[in-house]
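Asks:
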């Protein structure tokens with residue numbers, strides 16, 4: 001917690017300084033909106049080029065809609081914990097020279113946005129990846145926007161897609177129908193984002209947003225050989241559904257996947273998968289659904305870890321911005337350490353699966369420090385379900401606070 005001081009997310013550790021731009025296509029809700037994180041050619045950080053974590057007040061209002069907490073409370077917590085929280089990436093920085101960038105597509109969770117997992121995205125970019133974070137417009141995000149016309153774009157007149165709150169107490173089977181419809185829209189948005197990335201690589205894509213960095217600089221620089229799909233919570237399930245249907249995707253990383261919306265889907269996913277689970281998120285039904293995919297065939301490559309002393313928020317930036325809202329009596333791993341551990345576990349998986357990055361010794365060394373809290377396989381710490389209460393959540397386990405290990 002920092003009083004009266006603006007803070008920033010953890011600095012990236014890779015050999016590249018990450019750059020960042022937003023890309024939007026189409027003058028309708030059906031267009032595509034992604035944030036690109038990529039290795040830049042800059043040799044040192046420049047805090048004057050860092051960007052705000054929450055770029056518009058509507059996103060803060062969206063957090064209020066998700067949590068059902070007054071917006072002035074959200075604003076106060078942002079001020080209390082982080083001031084104007086900065087993302088340590090260089091906005092519109094030139095792309096690294098002569099670099100072929102393996103591509104990762106990221107899908108955010110319920111009540112989240114394209115920037116909620118910025119730390120993970122730019123950390124991967126600092127190691128040479130291009131990470132495209134989709135902002136979903138299925139009304140599950142905290143907020144999103146588009147422009148209805150070229151004139152609106154020129155005037156920066158945004159049309160907002162606001163979070164749709166649902167009272168689940170009397171919904172019954174309708175809840176599944178709604179979430180299943182949302183996740184199928186999310187899947188299509190991911191497919192559209194992949195199509196856009198291919199157009200960017202061909203040099204034919206058009207970014208309707210004002211940007212000093214032309215998309216043409218990415219032409220022929222994207223590597224789709226080992227295309228990876230990654231997502232958190234609702235985005236984890238979105239990733240699984242997209243992996244099932246799009247053969248362009250060669251592997252997946254699932255962070256606390258929330259399986260409710262695809263519990264009745266018959267999925268066949270032959271690609272290698274990494275599942276990173278936190279200690280306190282998963283209820284029995286979620287573990288059962290995950291288990292079906294993990295144990296689908298003993299010959300399919302599945303890697304599963306559960307990290308103790310972490311909760312669903314630990315995988316996102318939100319504790320840095322707003323503090324922890326869940327599991328108050330759980331002795332949590334320091335948030336920056338949890339984020340770095342997550343990044344290194346993803347980097348190690350990518351290295352083992354694709355050979356990139358070439359050297360994962362730093363990741364191995366960092367992970368080894370936390371061997372006592374990393375468990376292999378699915379772990380059941382659940383007791384009874386409870387109502388969701390924070391960003392990235394759609395359902396979460398309710399439990400008595402766990403005894404410290």
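In full-length UniProt numbering, the protein residues as written are 1 to 405.
Beta carbons are placed, not taken as given, at the ideal position from N, Cα and C, and that holds for glycine.
(1) Please classify residue 264: is it buried, with 16 or more other beta-carbons within 10 angstroms of its beta-carbon, or exposed?
(2) According to DSSP, what are the bridge partners of residue 132?
(3) Given this structure, state the Cα-to-Cα distance separating residue 19 from residue 123, to the nearest angstrom.
(4) Which same chain residues, not among the five before or five after residue 275, have their C-beta less than 6 Å away from its C-beta?
(5) Which residues in the same chain have their Cβ closer than 6 Å to the Cβ of residue 207, if we skip the five residues on either side of it in sequence?
(6) Look at the alpha carbon of residue 50 and the alpha carbon of residue 90, and state the distance between them as a whole number of angstroms.
(7) With a cut-off of 8 Å, do at least 3 Cβ pairs link the region 89-109 to the region 24-44?
(8) Between residue 45 and the ligand ATP, is there a pair consisting of the residue's CB and a ligand heavy atom that are separated by less than 7 Å?
(9) How far does the beta strand (DSSP E) with residue 190 in it reach, from first residue to last?
(10) Do you know offhand how far residue 105's Cα is from residue 250's?
(11) Taking three-plus beta-carbon pairs below 8 Å as touching, is the region 127-141 in contact with the region 171-189?
(12) Buried or exposed for residue 70, going by 16 or more other Cβ atoms inside 10 Å?
(13) Quick check: the Cα distance between residue 66 and residue 109, rounded to an integer number of angstroms?
(14) Kindly indicate which residue of 262, 134, 16 and 33 has the alpha-carbon position closest to the one of residue 177.
(15) Would residue 228 and residue 92 qualify as a contact pair, given that the criterion is a beta-carbon distance under 8 Å?
(16) Can you round the beta-carbon distance between residue 136 and residue 186 to whole angstroms, since I take them to be within the 8 Å contact cut?
(17) For a test of the three-state rule: what should DSSP assign to residue 127, helix, strand or coil?
(18) Can you give me the Cβ contacts of residue 403 inside the same chain, cut-off strictly under 8 Å, excluding the 5 residues immediately before and after it?
(19) Per the contact definition of three or more C-beta pairs closer than 8 Å, is the region 368-384 in contact with the region 281-294?
(20) Just the C-alpha distance for residue 285 and residue 107, rounded to the nearest angstrom, thanks.
(21) Just the C-alpha distance for residue 159 and residue 151, rounded to the nearest angstrom, thanks.
(22) Unbroken beta strand (DSSP E) runs of length 3 or more, entirely within the region 225-263: which are they?
(23) Roughly how many angstroms lie between the CA atoms of residue 344 and residue 149, to the nearest whole one?
(24) How close, in whole Å, do the beta carbons of residue 25 and residue 196 come, if the pair is a contact with beta carbons under 8 Å?
(25) Measuring CA to CA, which of 190, 199 and 120 is closest to residue 12?
(26) Could you give the residue range of the beta strand (DSSP E) that holds residue 306?
(27) Quick one: using the 10 Å Cβ neighbour count with 16 as the cut-off for buried, is residue 298 buried or exposed?
(28) Return the chain-ordered list of same chain residues with a C-beta closer than 6 Å to the C-beta of residue 231, the five sequence neighbours on each side being excluded.
(29) Where are the alpha helix (DSSP H) runs, 4 residues long or more, that stay fully inside the region 16-96, in chain order?
(30) Taking the alpha carbon of residue 201 as the point to measure from, which residue in 259, 218 and 32 has its own alpha carbon closest?
(31) With DSSP collapsed to three states, give me the class of residue 384.
(32) Using CA atoms only, rank isn't needed, just tell me which of 8, 279, 191 and 17 is closest to residue 333.
(33) Once the 5 residues before and after residue 146 are set aside, which same chain residues still bring their CB inside 8 Å of it?
(34) Nearest to residue 311 by alpha carbon, out of 323, 353, 43 and 63?
(35) Could you tell me which residues DSSP puts in a beta bridge with residue 162?
(36) So residue 286 is in the alpha helix (DSSP H); what residue range does that whole segment cover?
Replies: Quick look at the numbers:
(1) Residue 264 is exposed by the Cβ-count criterion.
(2) In DSSP, residue 132 forms a bridge with 36 and 105.
(3) Distance between the alpha carbons of residue 19 and residue 123 is about 11 Å.
(4) Around residue 275: 254 and 304.
(5) These residues qualify, in order along the chain: 23 and 215.
(6) Per the coordinates, the alpha-carbon of residue 50 lies some 6 Å from the alpha-carbon of residue 90.
(7) In short, these stretches touch, since the Cβ pair count reaches three.
(8) Inclusion of the ligand ATP in the displayed structure is not the case, the ligand content being empty and no account of it being possible.
(9) Judged by DSSP secondary structure, residue 190 falls outside any beta strand (DSSP E) and instead within the alpha helix (DSSP H) spanning 173-202.
(10) Near 11 Å, if we compare the C-alpha coordinates of residue 250 and residue 105.
(11) Contact between the region 127-141 and the region 171-189 is present, because at least three Cβ pairs lie under 8 Å.
(12) Under this definition residue 70 is an exposed residue.
(13) Each residue's Cα considered, the two are about 12 Å apart.
(14) If we check each option's Cα against that of residue 177, 262 comes out closest.
(15) The Cβ-Cβ distance between residue 228 and residue 92 does not fall below 8 Å.
(16) 5 Å between Cβ atoms; contact.
(17) Coil at residue 127, not helix or strand.
(18) With a pLDDT of 35 at residue 403, under the threshold of 50, the modelled position of that residue is not reliable, and no figure is offered here.
(19) Enough Cβ pairs lie closer than 8 Å, so yes.
(20) Taking the straight line from one Cα to the other gives about 22 Å.
(21) Cα to Cα, the separation comes out at about 12 Å.
(22) Within the region 225-263, the complete beta strand (DSSP E) runs of at least 3 residues are 251-255.
(23) Here the alpha carbons of residue 149 and residue 344 stand approximately 42 Å from one another.
(24) Contact between residue 25 and residue 196 holds: their C-beta atoms lie close to 6 Å from each other, under 8 Å.
(25) Here the closest residue by C-alpha is 120.
(26) Taken as a continuous stretch (DSSP letters only), the beta strand (DSSP E) holding residue 306 covers 302-307.
(27) With fewer than 16 other Cβ atoms from the protein chains shown falling within 10 Å of its own Cβ, residue 298 counts as exposed.
(28) Excluding residues within five positions, the ones whose Cβ falls inside 6 Å are 107, 238 and 239.
(29) For the region 16-96, whole alpha helix (DSSP H) runs of length 4 or above, ordered along the chain, are 57-67 and 71-82.
(30) Looking only at 259, 218 and 32, the smallest Cα-Cα distance to residue 201 is reached by 218.
(31) Note that residue 384 scores a pLDDT of 46, beneath 50, so its modelled location is shaky; the value from the coordinates is reported in the next line. Per DSSP, reduced to three states, the secondary structure at residue 384 is strand.
(32) Selected option, being the one with the closest Cα: 279.
(33) 24, 26, 27, 28, 29, 31, 33, 137, 158, 159 and 161.
(34) Each of 323, 353, 43 and 63 was checked against the Cα of residue 311, and the nearest Cα belongs to 323.
(35) DSSP, once it has assigned bridges, lists 143 as partnering residue 162.
(36) From DSSP, the alpha helix (DSSP H) with residue 286 extends over 284-294.
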